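Its first residue numbered 95, the sequence shown is counted upward by one per residue in the working numbering. Note that CB positions come from ideal geometry on N, CA and C, so glycine has one too. Nothing here was measured: the structure is a model prediction, and the numbers come from that model. Have a look at the structure below, then the notes.
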Amino acid sequence: MARRPAALDAALALVLGLEMQVELLFVDAPHTDLLIARVSLLALAVAVAGRRRFPLLAAAVALGVTTVLERLAVGIDDNLVGPFFADLVIAYSVGAHTEGRRLVGGLVVLAAGSTMAILLDRPPGGPEDFLFVATIVIGGPVLLGRLVRARVKLNQALHDKAAAAEDEREAKAAAAVAGERARIAGELHQLVSDALASMVGQATTAEELARSRPEGAEAALASVETTAREALGEIRKLLGVLRHEDAELALAPQPSLAHVADLVARVRASGLPVELDVVGEHGPLPAGVDLTAYRVVQEALAAALEAADARSAEVHVRYGEGELGLEVTDVGEAPPDGERALLGMQERVALYGGELVAEPIDGAGYAVRARLPLEAV
95 MARRPAALDA ALALVLGLEM QVELLFVDAP HTDLLIARVS LLALAVAVAG RRRFPLLAAA
155 VALGVTTVLE RLAVGIDDNL VGPFFADLVI AYSVGAHTEG RRLVGGLVVL AAGSTMAILL
215 DRPPGGPEDF LFVATIVIGG PVLLGRLVRA RVKLNQALHD KAAAAEDERE AKAAAAVAGE
275 RARIAGELHQ LVSDALASMV GQATTAEELA RSRPEGAEAA LASVETTARE ALGEIRKLLG
335 VLRHEDAELA LAPQPSLAHV ADLVARVRAS GLPVELDVVG EHGPLPAGVD LTAYRVVQEA
395 LAAALEAADA RSAEVHVRYG EGELGLEVTD VGEAPPDGER ALLGMQERVA LYGGELVAEP
455 IDGAGYAVRA RLPLEAV
């Protein structure tokens with residue numbers, strides 16, 4: 095991009111230089127004066143070529159050339175048009191490519207040069223000449239240069255702002271992808287843990303029933319198979335998301351609170367009696383809240399299933415106007431042995447602006463309570 099303006103300036107200087115040299119062919123003046131004029135106009139063409147990088151130097155050269163032409167033979171300056179356009183281009187460059195003190199210096203050079211040229215004219219110019227130079231030769235081109243400079247700076251600022259916004263958007267998208275993959279990895283870990291815990295409990299129940307009630311053992315083994323197949327299918331789905339960076343989330347439906355009854359039935363088949371109580375209107379839930387609520391119940395029942403002394407459990411689901419309430423309690427024969435680890439549940443619930451409390455209850459039991467707001471999602 096830097097070469098293109100330089101090439102345009104060189105082309106403009108070449109055109110003006112040739113035009114001014116051709117003009118001198120039609121001027122009737124002493125040979126010496128014509129030679130001085132040719133050298134001066136060549137210097138003016140070089141100044142036009144360097145006007146963008148050295149606007150003050152170009153303005154000074156234009157001042158000198160104008161002064162020299164005014165001191166040559168009568169008729170040389172009056173019969174040349176090219177120097178006038180060259181001066182306009184250089185005045186424009188002072189406005190477009192200078193700032194602050196350099197701009198003031200350029201204006202001083204242009205004003206001094208124009209004043210000297212008017213005074214050295216034969217005869218010296220009058221007030222109308224000063225007005226013409228101030229408005230047409232200096233004021234107009236410099237003002238146009240300032241407007242173009244302001245426009246270029248505005249476009250650059252908008253371009254930089256758009257580039258910064260695009261970089262920020264990409265950074266946020268990358269962070270969101272990384273966060274989602276981290277959550278998927280945690281969910282995969284949780285899924286494997288829940289499935290294995292459930293299968294171990296179901297297998298233990300099947301082993302006990304095989305001795306007393308073989309028909310019950312068959313149902314327990316079928317439950318083991320169902321749990322394993324569901325877990326394997328979801329593991330494949332989550333791994334597919336982790337393997338393909340640009341892939342969308344799997345199209346298969348995510349676990350939903352609408353399937354909590356099936357979850358409770360599987361836990362019952364594993365040997366832990368569970369009661370389900372649902373209160374309120376069951377309307378559609380946001381996907382993230384729905385999945386989070388299901389995972390809270392699933393994790394709490396898995397922890398109850400792993401407890402060695404658990405006798406029974408209860409699941410309470412309350413659909414409110416502005417929030418969804420969950421409570422999973424289990425009762426055993428002895429006080430709980432310390433705090434139960436609910437993998438990522440607090441972070442998952444907090445992600446949707448909710449709260450989760452997991453604590454022992456009076457006697458021998460444990461409670462997991464969660465509240466998920468629906469309006470803020």
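Beta-carbon proximity check, residue i vs residue j, cutoff 8 Å
i, j, result
"L197", "V183", "no"
"E453", "E408", "no"
"G176", "E113", "yes"
"V142", "A180", "yes"
"L204", "A153", "yes"
"L174", "I130", "no"
"A361", "L395", "According to the sequence shown, residue 361 is Val rather than Ala. For V361 and L395, yes; Cβs fall inside 8 Å."
"G111", "L136", "yes"
"D199", "L150", "The sequence shown places Gly at residue 199, rather than the Asp named in the question. Yes, these two residues count as a Cβ contact at 8 Å."
"L468", "E417", "yes"
Opposing strand residues paired with residue i [DSSP bridges]
i, result
"I184", "According to DSSP, I184 bridges with nothing at all."
"E421", "H410, R463"
"E453", "A461"
"D371", "H410"
Closest by C-alpha distance to residue i, when choosing among the options
i, options, result
"E415", "V373, E393, L450", "V373"
"A461", "P467, L468, A444, V391", "V391"
"L241", "A258, G199, E193, A228", "E193"
"L163", "T126, G199, L151, G377", "T126"
"L445", "I455, H410, G382, E400", "G382"
"S317", "H353, A352, L357", "L357"
"E393", "E375, H376, R263, T423", "T423"
"T229", "S208, E262, H353", "S208"
"E448", "G239, M439, L213", "A small fix is needed here, since residue 448 is Gly in this sequence, not Glu. The option with the nearest alpha carbon to G448 is M439."
Own chain partners of residue i with C-beta closer than 8 Å, once the 5 adjacent residues on each side are dropped
i, result
"L201", "V188, I232, V236"
"A355", "L370"
"L106", "V142, A143, V183"
"T320", "R360"
Sequence-distant residues of the same chain with beta carbon closer than 7 Å to residue i, five excluded per side
i, result
"P58", "Not covered by the structure: residue 58. The range shown for the chain is 95 to 471."
"R146", "P99, D103, S187, H191"
"G419", "R412, R465"
"V451", "R463"
Residue i burial status per 10 Å Cβ neighbour count (16 or more: buried)
i, result
"I170", "buried"
"S134", "buried"
"L379", "buried"
"T160", "buried"
"T50", "With the chain covering only 95 through 471, there is no way to say anything about residue 50."
"V155", "buried"
"V227", "buried"
"L351", "buried"
Same chain only: Cβ atoms within 6 Å of residue i, ignoring 5 sequence neighbours per side
i, result
"A211", "T160, E164"
"R243", "A190"
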